[in-house]
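Participant: Below is one structure. I have some questions about it.
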Amino acid sequence: MIDSHAHIFSEYYDNIELLIKELKEKEITRVLNCATSIEECYEVLLLSKQSNNYLIPALGIHPENVNNYDLIKLEEIIKNNKIYAIGEIGLDYYWTKDNKMEQKKLFIDQIKLAKKYNLPVIVHTRESIQDCLDILKENKVKGVIHCFSGSYEMAKEFIKYGYKLGIGGVLTFKNSKLYEVIEKIDLKDILLETDSPFLSPEPFRGKQNNPSNVYYVAKKIAEIKKINIEEVINITTKNFVELFDI
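The working numbering applies: residue 1 is where the sequence shown begins, and numbers increase by one.
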């Protein structure tokens, strides 16, 4: 199994070397490690080197950091290092809608970097899904909609424009309607993710998440689609390898 989205940083995990050892024992092949700030970009690269690229580097500025970023510095880091995606980037109107224009500019500027360096994007969208879709329609790149929790109609739109949907622990929540989307979309359009250390799936909801819990997401998808879990793992892993050119 591959976890297509996590935040493995010393801020959250006391012993990352031990965590990686445990993940390998649980047959987690790789983890895409996503930065959300310039500071995290440096740690992502360091951890990639220390783990022999087990923690695959993705670099970007999250919309929550819209007031504190240096795009020139970000491009310099991208240009001088082997990375696999631009992310986590996107729009987030949950906390405030007062800086929509600033968020959109940051998002579009980073999409342009993805185009320039021929990299996929990892897209965060929270209470901003239509604006996000509109920007992606106008600025065509490949990528994944991280932590997708929208409607089937919206899922179809993103898929139509070539995006994969990142499915995580939310699918396992008792009040989640995401199963209605999973029933209807093809496995070729899905990536497994955890968003560790956040959004732990059932039965670990409320506890710190880690990439091995991607198993519970795969298990839930298999139950919904009435297929065996091996098929879910094989196809979503193939999707990941193709999208991120691993």
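Cβ coordinates follow ideal geometry from the N, Cα and C atoms, glycine included.
Keep in mind it's a predicted model, so treat the numbers as computed, not measured.
Thinking C-beta only, is Leu191 closer than 9 Å to Gly166?
Facilitator: The answer is yes: Cβ separation under 9 Å.
Participant: List, from N- to C-terminal side, the alpha helix (DSSP H) runs of 4 residues or more that fit wholly inside the region 132 to 211.
Facilitator: Runs found: 152 to 160, 179 to 184.
Participant: Hey, how far is the Cα of Lys174 from the Cα of Lys79?
Facilitator: C-alpha separation (whole angstroms): 44 Å.
Participant: Taking Lys219 as the reference, give the member of Lys207, Tyr179, Lys184 with the closest Cα.
Facilitator: Taking only the C-alpha atoms, the option nearest Lys219 is Tyr179.
Participant: Going by the CB atoms, is the gap between Thr36 and His7 shorter than 9 Å?
Facilitator: Taking 9 Å as the Cβ cut-off, His7 and Thr36 qualify as a contacting pair.
Participant: Glu25 to Ser51, Cα distance in whole Å?
Facilitator: About 15 Å.
Participant: Please classify Lys248 as buried or exposed, where buried requires at least 16 neighbouring CB atoms within 10 angstroms.
Facilitator: Missing from the structure shown is residue 248; the chain here goes from 1 to 246 and no further.
Participant: Taking 8 Å as the cut-off, does the region 56 to 69 touch the region 106 to 114 (at least 3 CB pairs, one atom from each stretch)?
Facilitator: Counting Cβ pairs under 8 Å, three or more are found: they touch.
Participant: Is it the case that the region 194 to 210 contacts the region 231 to 239, given that we only count it when at least three CB pairs across the two stretches are under 8 Å?
Facilitator: With a cut-off of 8 Å, the region 194 to 210 and the region 231 to 239 do not count as touching, because too few Cβ pairs lie within range.
Participant: Helix, strand or coil for Leu59? Go by DSSP, reduced to three states.
Facilitator: Three-state DSSP puts Leu59 in a strand.
Participant: For Val144 and Val123, I'd like the C-alpha separation in whole angstroms.
Facilitator: The alpha-carbon atoms of Val144 and Val123 are separated by roughly 6 Å.
Participant: Identify, in the order they occur along the chain, each residue of the same chain with its Cβ nearer than 6 Å to the Cβ of Ile2, setting aside the five sequence neighbours on each side.
Facilitator: If we look at Ile2 and ignore the five residues flanking it on each side, its Cβ neighbours are Thr29, Arg30, Thr237, Phe240.
Participant: Beta carbon of Tyr69, beta carbon of Ile38: below 9 Å?
Facilitator: Contact flag set, yes.
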